[in-house]
Amino acid sequence: MAYEDMQELLMLARKMYEDLEQLIEVYHQRQRSATTILDDPNTRMEQRTRVHGKKEVYRDILLELNRILPINGEGDGG
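First residue of the sequence shown: 855, per my numbering; consecutive thereafter.
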């Protein structure tokens, strides 16, 4: 494989890594928002039920993303 090809692959890998980090942060923000809504005693039951389901989905997505890209040195990274 040519040096230029390797450089291009390295750039693509860095971009993917940065994008995964950004995606993880988005889901952390969504999870924090869901927690805030669930902790608010004034939240309607209908919204509470909907948000509770989403919070579980966000948690599952974060667990899967952590398998791909370890957060804070955790996870298997692969």
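Built from N, CA and C at the ideal position, the CB exists for glycine as well. From a predicted model like this one, the values you see are computed outputs, not experimental measurements.
Taking the alpha carbon of residue i as the reference point, which residue from the options has its own alpha carbon closest?
i           : options               : result
residue 883 : 923, 872, 918 and 913 : 913
residue 891 : 877, 860, 907 and 878 : 907
Whole-angstrom Cβ separation of residue i and residue j, contact assumed at under 8 Å?
i           : j           : result
residue 875 : residue 923 : 7 Å
residue 919 : residue 881 : 7 Å
Could you please give the first and the last residue of the uninterrupted alpha helix (DSSP H) stretch that includes residue i?
i           : result
residue 859 : 857-893
residue 920 : 899-922
Excluding five sequence neighbours on each side, which residues of the same chain lie with their C-beta closer than 8 Å to the C-beta of residue i?
i           : result
residue 905 : 888, 891, 892 and 897
Ordered along the chain, which non-local residues of its own chain (more than five positions away) have a Cβ less than 6 Å from that of residue i?
i           : result
residue 932 : Any reading at residue 932 needs caution, since the residue's pLDDT is 45, under 50, leaving its predicted position unreliable; the model's value is listed next. Counting only Cβ-Cβ distances below 6 Å, and skipping sequence neighbours, we find nothing.
Go ahead and pull the three-state DSSP assignment for residue i.
i           : result
residue 930 : Legend: pLDDT at residue 930 = 49, less than 50; position of this residue unreliable, value from coordinates given subsequently. Three-state DSSP puts residue 930 in coil, outside helix and strand.
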